[in-house]
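Chemist: Residue numbers (UniProt numbering): 1 to 209.
#1: Would you kindly work out how many angstroms separate the C-alpha atoms of residue 196 and residue 152, rounded to a whole number?
#2: Thinking residue 104 and residue 82 are a contact (beta carbons under 8 Å), I'd like their distance in whole angstroms, please.
#3: So, residue 48 versus residue 74, is the Cβ gap smaller than 8 Å?
#4: Residue range of the alpha helix (DSSP H) that residue 109 falls in?
#5: Output the distance between the C-alpha atoms of residue 226 and residue 205, rounded to the nearest integer angstrom.
#6: Is there contact between the stretch 172–192 and the stretch 129–145, where contact requires at least three CB pairs shorter than 8 Å?
#7: Exposed or buried, what is residue 212 when buried is set at 16 or more other beta-carbons lying within 10 Å of its beta-carbon?
#8: Could you tell me how far apart the beta carbons of residue 126 and residue 19 are, in whole angstroms, since I believe they sit closer than 8 Å?
#9: So within the UniProt domain "Impact N-terminal" (15–125), which uninterrupted beta strand (DSSP E) runs reach at least 3 residues, ignoring any that extend past its ends?
#10: Please go through the UniProt domain "UPF0029" (141–187) and give each complete beta strand (DSSP E) segment of 3 or more residues, from N-terminal end onward.
#11: Give me the residue from 56, 97, 90, 192 with the minimum Cα distance to residue 80.
#12: Indicate whether residue 124 and residue 9 have their beta-carbon atoms separated by less than 8 Å.
#13: Taking residue 142 and residue 56 to be in contact with their CB atoms under 8 Å, please state how far apart those CB atoms are, rounded to whole angstroms.
#14: Pick helix, strand or coil for residue 189, following the three-state DSSP scheme.
#15: Answer with buried or exposed for residue 122, where buried requires no fewer than 16 other C-beta atoms within 10 angstroms of its C-beta.
#16: Pull up the distance between the alpha-carbon of residue 169 and that of residue 144, whole angstroms please.
#17: Are the Cβ atoms of residue 102 and residue 22 separated by less than 8 Å?
#18: From this set, 100, 61, 53, which residue's C-alpha is nearest residue 92's C-alpha?
#19: Rounded to the nearest angstrom, what separates residue 183 and residue 4 at their Cα positions?
#20: Do residue 129 and residue 31 have their C-beta atoms within less than 8 Å of each other?
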């Protein structure tokens with residue numbers, strides 16, 4: 001699964017018609033109406049604001065995916081469908097793509113419209129930074145100074161990220177890791193007995209390119 005965290009825009013011109021593609025990250029489905037309003041404000045000359053979205057959310061412990069597409073007055077399946085197809089190819093989730101069309105005076109036909117809307121979505125996706133979502137743990141440890149160098153090396157070898165270090169009479173390490181790494185960490189830390197103290201553990205989610 002891929003996600004975006006920022007907004008991206010691009011413009012494609014086909015036979016003097018301009019297709020402005022806007023890509024938005026979605027936190028919830030209420031964002032869709034707000035994003036459409038923004039596009040209508042940004043492109044007031046556009047006759048059509050066609051869109052598609054894919055949204056994944058957790059309900060009662062289960063992941064549910066919702067999809068929607070809109071041709072917004074264009075011939076059926078010439079706009080929303082090709083936009084949605086491009087989002088699906090990139091395995092994107094929690095994303096909305098709006099393509100606002102300003103007519104240039106030349107009719108494109110249904111085939112031309114479908115290609116243009118799909119190409120506009122493809123173009124903005126090519127410019128976007130797509131991120132992979134990771135899930136795991138964030139952990140705060142207290143360790144003696146004598147173990148700092150050794151554990152820093154071990155964590156690096158295990159692929160565990162040290163986000164923060166603080167120094168008092170002991171050293172506190174703030175770590176981030178995937179679930180599999182957490183299981184390895186528990187076993188490894190157990191070898192040091194009471195010298196290493198778990199101060200806090202919580203679930204974490206982050207994104208990588």
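Heads up, the beta-carbon is just placed ideally off N, CA and C, and yes, glycines get one too.
Modeler: Quick answer:
#1: Each residue's alpha carbon lies about 13 Å from the other.
#2: Actually they do not touch by this definition, with Cβ atoms about 19 Å apart.
#3: Yes, they are a contact pair.
#4: Run containing residue 109: 109–127, per the alpha helix (DSSP H) assignment.
#5: Nothing about residue 226 can be read from this structure; the chain reaches only from 1 to 209.
#6: Contact between the stretch 172–192 and the stretch 129–145 is present, because at least three Cβ pairs lie under 8 Å.
#7: Limits of the chain in this structure are 1 at one end and 209 at the other, which puts residue 212 out of reach.
#8: The Cβ separation is near 14 Å, so there is no contact.
#9: Taking only runs of at least 3 residues, the beta strand (DSSP E) segments lying wholly in the UniProt domain "Impact N-terminal" (15–125) are 17–25, 48–59, 62–70, 95–102.
#10: Counting only runs of 3 or more, we get 161–167, 171–178.
#11: Nearest C-alpha to residue 80: 97.
#12: Contact flag set, yes.
#13: In fact, because the Cβ distance is near 37 Å, the residues do not count as touching under 8 Å.
#14: In this structure, residue 189 counts as helix in the three-state DSSP scheme.
#15: Here residue 122 is buried. Its C-beta has 16 or more other C-beta atoms within 10 Å.
#16: If you take the alpha carbons of residue 169 and residue 144, they lie about 8 Å apart.
#17: The Cβ atoms of residue 102 and residue 22 do not sit closer than 8 Å to each other.
#18: Measuring from the Cα of residue 92, the nearest candidate turns out to be 53.
#19: In this structure, the alpha-carbon of residue 183 lies about 29 Å from that of residue 4.
#20: For residue 129 and residue 31, no; Cβs fall outside 8 Å.
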